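A.B. asks: All residue numbers for the sequence shown refer to this note's numbering, where the first residue is 551 and numbers rise by one.
Even glycine gets a Cβ: it sits at the ideal position worked out from N, Cα and C.
The structure presented is a predicted model; accordingly, all values stated were derived computationally and were not measured.
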Amino acid sequence: MKYHDSIETADKIMRLVVAQLKKWQLAINPINYAVVYEYYKKSNAQLTAAIEKELLVNESLNGFFMENLYKETVLEKSEFREEILTDLSTLINDSHHNQQELTSSSIALIHTLEKNITQLSSSEPNNVKNAISSLTTATEDFKAQILHLSKQLECHQEDSQRLSAELTQARYQINLDKVTGLFNKKAISSHISAWQQQYTPCNIAAISIKIEEFNKIERDFGVLFSDVILTKIAHKIASYIHDSGLPVRFNYDEFILLLPQASHQTATEIGTKIIQSIRKMRFVSIKSDIKLPQINSQFSVNHMEEGENIDDFLKKTKIESTLAT
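#1: With DSSP as the reference, please indicate the residues paired to Ile-806 in a beta bridge.
#2: Exposed or buried, what is Asp-727 when buried is set at 16 or more other beta-carbons lying within 10 Å of its beta-carbon?
#3: So what does Val-851 bridge to, in DSSP terms?
#4: Taking the continuous alpha helix (DSSP H) assigned at Ser-740, which residues delimit it?
#5: Within the continuous alpha helix (DSSP H) that includes Glu-604, where are the two ends?
#6: Do Leu-611 and Glu-622 count as a contact pair if the criterion is CB distance below 8 Å?
#7: Does the separation of the CB atoms of Ser-758 and Ile-840 fall below 8 Å?
#8: Kindly indicate which residue of Ser-835, Asp-803, Ala-658 has the alpha-carbon position closest to the one of Phe-849.
#9: Which stretch, first to last residue, makes up the alpha helix (DSSP H) that contains Tyr-790?
#10: According to DSSP, is Phe-733 part of a helix, a strand, or is it coil?
#11: Taking His-792 as the reference, which of Lys-782, Leu-807, Phe-800 has the closest Cα?
#12: If Val-798 and Ala-737 are in contact, beta carbons under 8 Å, what's the gap, nearest whole angstrom?
#13: Please state if the CB of Ala-788 and the CB of Leu-732 are separated by a distance shorter than 8 Å.
#14: Leaving out five residues before and five after Ile-724 in sequence, what residues of the same chain have Cβ atoms less than 8 Å from its Cβ?
#15: To which residues does DSSP link Val-585 through a beta bridge?
#16: Can you give the Cα-Cα distance for Gln-669 and Ala-681, rounded to whole angstroms?
#17: Are the Cβ atoms of Asp-770 and Val-729 separated by less than 8 Å?
#18: Using the Cβ count rule (16 or more neighbours within 10 Å means buried), how would you classify Met-831?
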C-alpha cells in the first residue's frame, strides 16, 4: 500500500478504522486494519464492493473474508507473478522486433530483385555479372537473417512453453486456499461450468459442512494451532470424495463438497460419515499438553436446479448456526 495522507488525515482515518473494526467485532490486526483503511479511503472500488456485498448477504464480516480480501485487493503483486509478467512482456517485444526485422529484410530483397532483374537480360556481360553478384549477396543475407530468426523462434517456443506451464500453475494456485490446500470460492464457477458441459442434464449436489465453535478454538489456542486443526479436518473431508468432486473451503469455518451427478441419498450418506469422522478426531496441544474437547460439526445437502444461477445456488448452501447436528 502506498499512502500520501497527512498526519492529521491518517490520524482521523485511524480512529474511524478502529471504531469500525470494533463495530464489526474484528480483531485490530494489520490485515483487518489495512482492509478497513482502504474501505474508508474509497480508492479501491473492488474492495468496497466486496465488503458491501458481504454485509448485504451475511450481515457480518470475519477474519477469513478479510484475509482473502486483503490478498486479492490490497496486497502488492507477488514476485512470482511479476516475473511472469516481465517474461511475457519480453517475449512479446522480442517477437515484435523479429517480425519487424523479417519484414525489413523481405522488403530489401524485393527491392534488390526489382533493381537487378532487368540487368539479367542486358547484352552487357558486366551488367549481368554485377546483377548476379548483387542478387547472390542479397539472397545470402536473407538466408542468414532467416536462420538467425529461426534459432530465435526455437528459443521463444521454449520460453513460451515454460511460461504456459507457469501460468497454468499460477491459475491453479489462485484457486487454492492458502491454509488448507483445498479449493477456494474462485474455483467453483469454472468446475460447475465444466460439469454442465459434460453432463446433460447436470445434477450437482452440495454438501455444506460447518465446524462448531471454531472461533473459540482459535481464541484459546491461537491461530497457528487452529490452522493445523483446520487443515487436518479439511484433508479428512476431502478424502471422502477423492477426484470425483470439488472440495472447497467456503468460509472461515465452513466447507462445501460439490459432487456432480450425486443423488440426495448419496450426498447425505457422505455428509453423515464426514461429521462422524470429525467427531472421532482427537487433538492435543504439544506446547501445553492440553487435549482439545471433541470437535462437532453439522452438515446440509442442497442441489443445483437446472438453469439456477450459481450465486443463488451457493446462497442456499449456507448453514445457519441454529441448525441441529
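C.D. replies: Here's the rundown:
#1: Locating residue 806 in the sequence shown gives position 256, counting from the first residue. According to DSSP, which records beta bridges pairwise, Ile-806 is partnered with Ser-758, Val-798.
#2: Position 177 of the sequence shown, counted from the start, is the residue given in the question as residue 727. When all chains shown are included, Asp-727 counts as buried.
#3: As a working mapping, residue 851 is identified with position 301 in the sequence shown. Ile-757, per the DSSP bridge assignment.
#4: To locate residue 740, count along the sequence shown from 1; it is residue 190. Counting along the chain, the alpha helix (DSSP H) containing Ser-740 begins and ends at 736-748.
#5: One-based indexing of the sequence shown puts residue 604 at position 54. That run of the alpha helix (DSSP H) goes 595-608.
#6: Taking the first residue of the sequence shown as position 1, residue 622 is located at position 72. Taking the first residue of the sequence shown as position 1, residue 611 is located at position 61. Contact flag unset, no.
#7: Counted from its first residue, the sequence shown places residue 758 at position 208. Counted from its first residue, the sequence shown places residue 840 at position 290. Cβ distance not < 8 Å, so Ser-758 and Ile-840 don't count as in contact.
#8: Here the question's residue 849 lines up with position 299 in the sequence shown. That would be Asp-803, whose Cα lies nearest to the Cα of Phe-849.
#9: What you label residue 790 is simply residue 240 of the sequence shown in a count that begins at 1. Boundaries cannot be given for Tyr-790, as no alpha helix (DSSP H) includes it and DSSP labels it neither H nor E.
#10: On the sequence shown, residue 733 is found 183 positions in, with the first residue counted as 1. Here Phe-733 sits in strand by DSSP.
#11: Position 242 of the sequence shown holds residue 792. Among Lys-782, Leu-807, Phe-800, the Cα nearest to that of His-792 is on Leu-807.
#12: Walking along the sequence shown from the start, residue 798 turns up at place 248. Walking along the sequence shown from the start, residue 737 turns up at place 187. Going by Cβ atoms, the distance from Val-798 to Ala-737 rounds to 7 Å, so yes, they are a contact pair.
#13: For the purposes of this step, residue 732 is identified with residue 182 of the sequence shown, where counting begins at 1. For the purposes of this step, residue 788 is identified with residue 238 of the sequence shown, where counting begins at 1. Yes, these two residues count as a Cβ contact at 8 Å.
#14: In the sequence shown, the residue the question calls residue 724 occupies position 174. Excluding sequence neighbours, Ile-724 sits near Lys-736.
#15: Start at 1 with the first residue of the sequence shown, and residue 585 comes out as number 35. None, per the DSSP bridge assignment.
#16: On the sequence shown, position 119 is the one that residue 669 refers to. On the sequence shown, position 131 is the one that residue 681 refers to. Their Cα atoms are separated by approximately 6 Å.
#17: The sequence position of residue 770 within the sequence shown is 220, counting from 1. The sequence position of residue 729 within the sequence shown is 179, counting from 1. Contact flag unset, no.
#18: Residue mapping note: residue 831 aligns to position 281 of the sequence shown, counting from 1. When all chains shown are included, Met-831 counts as exposed.
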